[in-house]
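Worksheet for the structure shown next.
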Amino acid sequence: MAMKKNWYTKTVLSYIPTLYLTIAIVVFIAIFVVSEVSMKEAERTNKYSMEYIVNTLETSLMSVERRMLEELRFGDVLFSFFEQKGNAEERMLNYEANKKLRQFVTEFPIIHSMYLYRIEDNMVLSLSAYESLSEFGDQAYVLNELERYSFDRSWSLPRSYSDGVGIDAQHVNVISFSQRTQLPMGNQGIIVVNVSLDALLANINKMIDPGQTYLQITAGDDMLVYSSAESGAERHEVMNELGSDYMQWHFTSGIQTHFSFASLQLLSRIWIAIGVVCIIASFIYTLFITKRNYRPIENIISQIQSFQNKRALEKGAATDEFSFIQKAIERLNDENMQYEAEVQEANQHKRKQSFLQLLESSEALNESKWKESLERFGYPSQFQHAYVTVIEIDHYAEFEEKYKKSYDQGLIKFAMSNVLQEYLHDLGWIWSEWTRLNRMPVIHCFDRELQQEWLARLEKFRVWVAVNLGLTVTIGVGERAEDWSELHRSYDEAVDALRYKMSCGRNCTLAFQQVAPLRSNNIHIYYQEINALVHDFRLGNSDWSERAQATLTTLQRGVLTNEENVHLLQYFKSLLEQLQEKLPLELQQQWNEQIMPEWNLLMRNEYLGEIVPRLQELLQQAHQAYLGYVKSKDSKQTIHGIRAFVEENYMNPELSLNLISEKFKLNSKYISQLFKEQLGINFADFVMELRIEQAKRLLLVTDGTINEISSQVGYEIPLSFGRAFKKQVGVSPSDYRKNMSSIEQLEEAVHN
Numbered sequence: 058m059a060m061k062k063n064w065y066t067k068t069v070l071s072y073i074p075t076l077y078l079t080i081a082i083v084v085f086i087a088i089f090v091v092s093e094v095s096m097k098e099a100e101r102t103n104k105y106s107m108e109y110i111v112n113t114l115e116t117s118l119m120s121v122e123r124r125m126l127e128e129l130r131f132g133d134v135l136f137s138f139f140e141q142k143g144n145a146e147e148r149m150l151n152y153e154a155n156k157k158l159r160q161f162v163t164e165f166p167i168i169h170s171m172y173l174y175r176i177e178d179n180m181v182l183s184l185s186a187y188e189s190l191s192e193f194g195d196q197a198y199v200l201n202e203l204e205r206y207s208f209d210r211s212w213s214l215p216r217s218y219s220d221g222v223g224i225d226a227q228h229v230n231v232i233s234f235s236q237r238t239q240l241p242m243g244n245q246g247i248i249v250v251n252v253s254l255d256a257l258l259a260n261i262n263k264m265i266d267p268g269q270t271y272l273q274i275t276a277g278d279d280m281l282v283y284s285s286a287e288s289g290a291e292r293h294e295v296m297n298e299l300g301s302d303y304m305q306w307h308f309t310s311g312i313q314t315h316f317s318f319a320s321l322q323l324l325s326r327i328w329i330a331i332g333v334v335c336i337i338a339s340f341i342y343t344l345f346i347t348k349r350n351y352r353p354i355e356n357i358i359s360q361i362q363s364f365q366n367k368r369a370l371e372k373g374a375a376t377d378e379f380s381f382i383q384k385a386i387e388r389l390n391d392e393n394m395q396y397e398a399e400v401q402e403a404n405q406h407k408r409k410q411s412f413l414q415l416l417e418s419s420e421a422l423n424e425s426k427w428k429e430s431l432e433r434f435g436y437p438s439q440f441q442h443a444y445v446t447v448i449e450i451d452h453y454a455e456f457e458e459k460y461k462k463s464y465d466q467g468l469i470k471f472a473m474s475n476v477l478q479e480y481l482h483d484l485g486w487i488w489s490e491w492t493r494l495n496r497m498p499v500i501h502c503f504d505r506e507l508q509q510e511w512l513a514r515l516e517k518f519r520v521w522v523a524v525n526l527g528l529t530v531t532i533g534v535g536e537r538a539e540d541w542s543e544l545h546r547s548y549d550e551a552v553d554a555l556r557y558k559m560s561c562g563r564n565c566t567l568a569f570q571q572v573a574p575l576r577s578n579n580i581h582i583y584y585q586e587i588n589a590l591v592h593d594f595r596l597g598n599s600d601w602s603e604r605a606q607a608t609l610t611t612l613q614r615g616v617l618t619n620e621e622n623v624h625l626l627q628y629f630k631s632l633l634e635q636l637q638e639k640l641p642l643e644l645q646q647q648w649n650e651q652i653m654p655e656w657n658l659l660m661r662n663e664y665l666g667e668i669v670p671r672l673q674e675l676l677q678q679a680h681q682a683y684l685g686y687v688k689s690k691d692s693k694q695t696i697h698g699i700r701a702f703v704e705e706n707y708m709n710p711e712l713s714l715n716l717i718s719e720k721f722k723l724n725s726k727y728i729s730q731l732f733k734e735q736l737g738i739n740f741a742d743f744v745m746e747l748r749i750e751q752a753k754r755l756l757l758v759t760d761g762t763i764n765e766i767s768s769q770v771g772y773e774i775p776l777s778f779g780r781a782f783k784k785q786v787g788v789s790p791s792d793y794r795k796n797m798s799s800i801e802q803l804e805e806a807v808h809n
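Numbers 58 to 809, taken from this note's numbering, label the letters of the sequence shown in order.
Here it is, written out as structure tokens:
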């Protein structure tokens, strides 16, 4: 029955409020972020709108200024007005100038009025009159501009303008722009342009929404020029401020803080406060619910601690509670696995002990006990037909070198056991155990009529191992056993069959029934043959290699045990080693460095068919070296006698290879070969060097003539002597005597 996850359900449900609080916090944060983004967007939009308004106002005023300056520079009408001096055409010029001013006003609707002031006669021409300055309503502004006397062009602060005098004069708020004339000196008059503030600011209300946006324009010292907020209007919040250096105005803009917007701001802050409260509440609730959910874990830990001893706790201290519980579970699991492994190992040990008792024990077994053991392991206690085979891994040293880890070796052996079971399980039952490192005895029990099929499958198993595992096995087969008590005999026979693997071959099936009749009983013959071989080796017989090959072939064809074959070969090697110790060092070195390592390597093979061919080559190599030594020893004695004879008879003109050949009864070609091999020089050069050295001595110590010395060293013809001497020494005999005498005299002089 599946265990209900009550604690899991309670834990999930306990954290649901925290989940809801978290969702609420996320929502509050999202609303706050949206509100802040909206505020930033409104501020940016307000800034762009205010910049547009400023640019629009500046553009309008700049257009007026630029048009007026163009007219002053290039217009004839205004120029003529300021240049006239009470001539008859004054009326016409005033008319044309007034007409030009009206064109200005018509071209720029924002212009309220314009007038021209001429300094020379103190007259003012406006849109409606031509009068003296004293009668002009804007007299104060003109006088102020005359006193300022500056060429810096700028718009005035907002002011009240009236072109009349008296109570009935109408006043209009304008900003004025004045320019001295004529250019460039500016000493003839002033032109003044008055722009109506109402006309200039009329389009601002079209550009903004007074219900949502707030705009205030001030000039100079906080002189209010424009404000979108009416008296008694709701509060507003300033977002952007911008100044215009051209107009000398200051712009302030923002949004109207009416109820909905203020409520939104207030609600946003309330949401922030609620979010903070939710976070604190969520944190407190999480601590509370976590502590409550942690209590079962505390109880588990306390129970584990109460059942574990101090030593177990100190071993591998845990870093946290779950690690502590995990280590406790792992420790319990390890102990359980260790116990199971020990039980399994004990069962395997008992199984193997029972197996070994059946096969190797020579004592009589208690029938009731071993039958009980067989039944416990699942094997029948009675049978009528059984065989014992022993499967042995060939070249086990190479197997260990290839699979160095014991785990890998065990895996290969386990695979062999399982494959053998697969091949033979349907014929009957089998019991196999690896009793030694390289041997696996197997008990086969099957019906008698299946014997041939059983042998065929054993052969298939052997081939499978060679093909798939990369190693070979030799299978020893004992004779039939008809009862459990006879298995010991069948096992001994299978082991005995494997003892002949070196003679009969490896990687095959060796049946004791077939091997037993072939066994060689007279092993002493092989020892006698080996003794004779070593004796003949010492004598240096030329046919020794053939005799050694025949002896080894006879040994290979014989059927001896592995121990007997190994002992014979070791005996043969020890005799040859004793012989080598009496030979020169160079032969001992060749034996120790070339022959012995190869011989020892060959002895790792388990089949004579693999040992004998290479061993024959090694023996032939050793024998050839020995024969060379013997031959070299005789040659040295011969060349020593010939050399002594030549040194005694070098002055004989008849000295030649033929003379020496007759003297020593040797072939002349052989003598020449001996000179080359033993002395490293041919016969003629050796005789010539000997004669020339003697001639040099005679030239220095005697006063004999060249001809006398020539005959004394064996040259009958002096000319031949001279040529040979010059070829050997480099100078003629006479020059040599002369040069050497001079050197001796010089040495005596230096010495004296």
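Positions of the beta carbon are idealized from the N, C-alpha and C atoms, including for glycine.
- Distance between Lys104 and Ser310, taken at the CA atoms: about 8 angstroms.
- Burial is judged here by how many other beta carbons sit within 10 angstroms of a residue's own beta carbon; Asp742 has fewer than 16 and is exposed.
- Taken through DSSP and simplified to helix, strand or coil, His581 comes out as helix.
- Note: Tyr187 is bridge-paired with Leu182 in the DSSP secondary-structure output.
- Around the beta carbon of Gly277, fewer than 16 other beta carbons sit within 10 angstroms, so the residue counts as exposed.
- Per DSSP, reduced to three states, the secondary structure at Ser339 is helical.
- Taken atom to atom, the span from the alpha-carbon of Leu714 to that of Glu765 is near 25 angstroms.
- Taken through DSSP and simplified to helix, strand or coil, Met149 comes out as helix.
- Out of Asp483, Val334, Met125, the CA that lies nearest to the CA of Ile86 is found in Val334.
- Remark: C-beta atoms of Glu536 and Gln570 approach each other more closely than 9 angstroms.
- Met280 is bridged by DSSP to Ala276.
- Between Gly527 and Lys459, the gap from beta carbon to beta carbon is short of 9 angstroms.
- Under the DSSP assignment, Gly562 falls outside any alpha helix (DSSP H); it carries neither an H nor an E label.
- Per DSSP, reduced to three states, the secondary structure at Thr762 is coil, with no helix or strand assignment.
- Taking the CA atoms as reference points, Met473 sits about 10 angstroms from Met497.
- Proximity of the stretch 436-456 to the stretch 497-506 meets the contact definition, three or more beta-carbon pairs being nearer than 8 angstroms.
- Under the DSSP assignment, Tyr453 falls outside any beta strand (DSSP E), being part of the alpha helix (DSSP H) whose first and last residues are 453-459.
- The Cβ atoms of Trp212 and Gln305 sit closer than 9 angstroms to each other.
- The beta-carbon distance between Thr566 and Glu490, rounded to whole angstroms, is 20 angstroms. This is too long to meet the 8 angstroms contact definition.
- Residues Leu415, Leu416, Ala443, Val445, Ile500, Ala538 of the same chain have their beta carbon placed closer than 8 angstroms to that of Leu544, with the five preceding and five following residues left out of the count.
- Annotation for Met708: Gln769, Val770, Gly771 place their beta carbon closer than 7 angstroms to its own, counting only its chain and skipping 5 residues before and after.
- DSSP places Val111 inside the alpha helix (DSSP H), whose first and last residues are 73-131.
- One Cα belongs to Glu773, the other to Glu705, and the distance between them is close to 18 angstroms.
- In summary, His581 is exposed, with fewer than 16 beta-carbon neighbours lying within 10 Å of its beta-carbon over all protein chains present.
- Annotation: Leu776 to Pro790 spans about 11 angstroms, alpha carbon to alpha carbon.
- Under the three-state reduction of DSSP, Gln227 is assigned to coil, being neither helix nor strand.
- For Glu449, the beta-bridge partners assigned by DSSP are Arg496, Thr531.
- The C-alpha of Ser117 lies about 21 angstroms from the C-alpha of Arg237.
- A contact between stretches requires three or more CB pairs, one per stretch, nearer than 8 angstroms, and the stretch 657-665 meets this requirement with the stretch 447-459.
- Counting other Cβ atoms within 10 Å of its Cβ, Pro654 stays below 16 and is therefore classed as exposed.
- Between the stretch 355-362 and the stretch 81-96 there are fewer than three C-beta pairs closer than 8 angstroms, too few to call the two in contact.
- In the DSSP assignment, Ile232 is bridged to Val252.
- Classified as exposed, Val295 has fewer than 16 neighbouring CB atoms from the shown chains inside 10 Å of its CB.
- In this structure, the beta-carbon distance from Met171 to Ile247 does not fall below 9 angstroms.
- According to the DSSP assignment, Arg780 belongs to the alpha helix (DSSP H) that extends over 775-786.
- With a 10 Å radius around the Cβ and a threshold of 16 neighbouring Cβ atoms, Met280 comes out exposed.
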